[in-house]
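What follows is a single structure, written as structure tokens, with notes after it.
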Amino acid sequence: MEFYDVIRKRRSYRAYRAEMPEEEKVNRILNAARLAPTWANMQGMHYIVVKDPETVKRVWKGVGQSQKFVEAPMFIVGVISESDSGKNSSGLECFPLDCGICFEHLILAATAEGLATCWIGWFNETKVKEVLEIPKKYRVLALTPLGYPVREKGEVVDRKPIEEIVHYNKF
Ligand SMILES: Cc1cc2nc3c(=O)[nH]c(=O)nc-3n(C[C@H](O)[C@H](O)[C@H](O)COP(=O)(O)O)c2cc1C
Numbered sequence: 629m630e631f632y633d634v635i636r637k638r639r640s641y642r643a644y645r646a647e648m649p650e651e652e653k654v655n656r657i658l659n660a661a662r663l664a665p666t667w668a669n670m671q672g673m674h675y676i677v678v679k680d681p682e683t684v685k686r687v688w689k690g691v692g693q694s695q696k697f698v699e700a701p702m703f704i705v706g707v708i709s710e711s712d713s714g715k716n717s718s719g720l721e722c723f724p725l726d727c728g729i730c731f732e733h734l735i736l737a738a739t740a741e742g743l744a745t746c747w748i749g750w751f752n753e754t755k756v757k758e759v760l761e762i763p764k765k766y767r768v769l770a771l772t773p774l775g776y777p778v779r780e781k782g783e784v785v786d787r788k789p790i791e792e793i794v795h796y797n798k799f
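Numbering-wise (the working numbering), the sequence shown opens with residue 629 and increments by one.
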């Protein structure tokens, strides 16, 4: 799929068909995340691929949202440790940025493969860590269901006009 088509077609899907995505597609998606840039190329991200139906249900319970995510055949959970990234010149921690960039690579690659995702940022981190046996030093910052959508959505339209967000030479 052409790059700008991928950008326009990526939407958040909250209802999934039971069909498992093809393994080659999942591998290509994970590789796209692997190739993302990170702070000093530290590559701190880890991805937990959850396919076991019982674990999928337990992860969804940890998410605790009333969406139909539980019907998704699988989840990918992104984790990173603060110690596997750096601080920027203002002293701000960059591990959430590393995670965001890697995870967006993953999500756009999934779109290019014709698969549906939904960034999930609101979940019970303690429960998700417990279910997936994630060591203490890692933070869970992002997770997404992965699969085929029940219904395709249209392209992204509900965004602010460009004049409102782009500034030239001064704010
Ligand atoms: C960091 C982040 C966290 C998000 N967390 C959630 C979430 O917890 N639950 C949810 O249903 N959608 C979540 N979303 C999806 C947004 O609501 C969605 O991207 C936005 O409404 C725009 O819709 P679109 O993705 O279909 O273009 C999240 C998106 C981002 C980028």
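Virtual Cβ for every residue (Gly too), placed ideally from N, Cα, C.
Between the CA atoms of residue j and residue i - distance to the nearest angstrom
i	j	result
Asp712	Ile762	15 Å
Ile704	Leu734	9 Å
Val654	Ala738	8 Å
Arg636	Leu663	22 Å
Reduced DSSP secondary structure (H/G/I, E/B, other) of residue i
i	result
Ser711	helix
Phe751	coil
Ala646	coil
Leu774	strand
Glu652	helix
Leu674	Sequence check: residue 674 is His here, not Leu. Three-state result, His674: strand.
Ala664	coil
In DSSP terms, what residue i is bridged to
i	result
Arg767	Ile708
Glu721	Lys715
Residue i CB to nearest heavy atom of ligand 2 below 8 Å
i	result
Ile748	The model depicted lacks ligand 2 and carries ligand 1 instead.
Cutoff 6 Å; reference residue i; Cβ partners in own chain excluding five residues on either side
i	result
Glu753	Val768
Contacts around residue i, its chain only, beta-carbon distance under 7 Å, and the 5 residues preceding and following it disregarded
i	result
Met629	Ala740
Val778	Ala643, Tyr644, Arg645
Gly706	Met673, Tyr675, Cys727, Cys730, Phe731, Leu769, Ala770, Leu771
Any non-hydrogen atom of ligand 1 within 8 Å of residue i CB
i	result
Gly728	yes
Ser640	yes
Ala660	no
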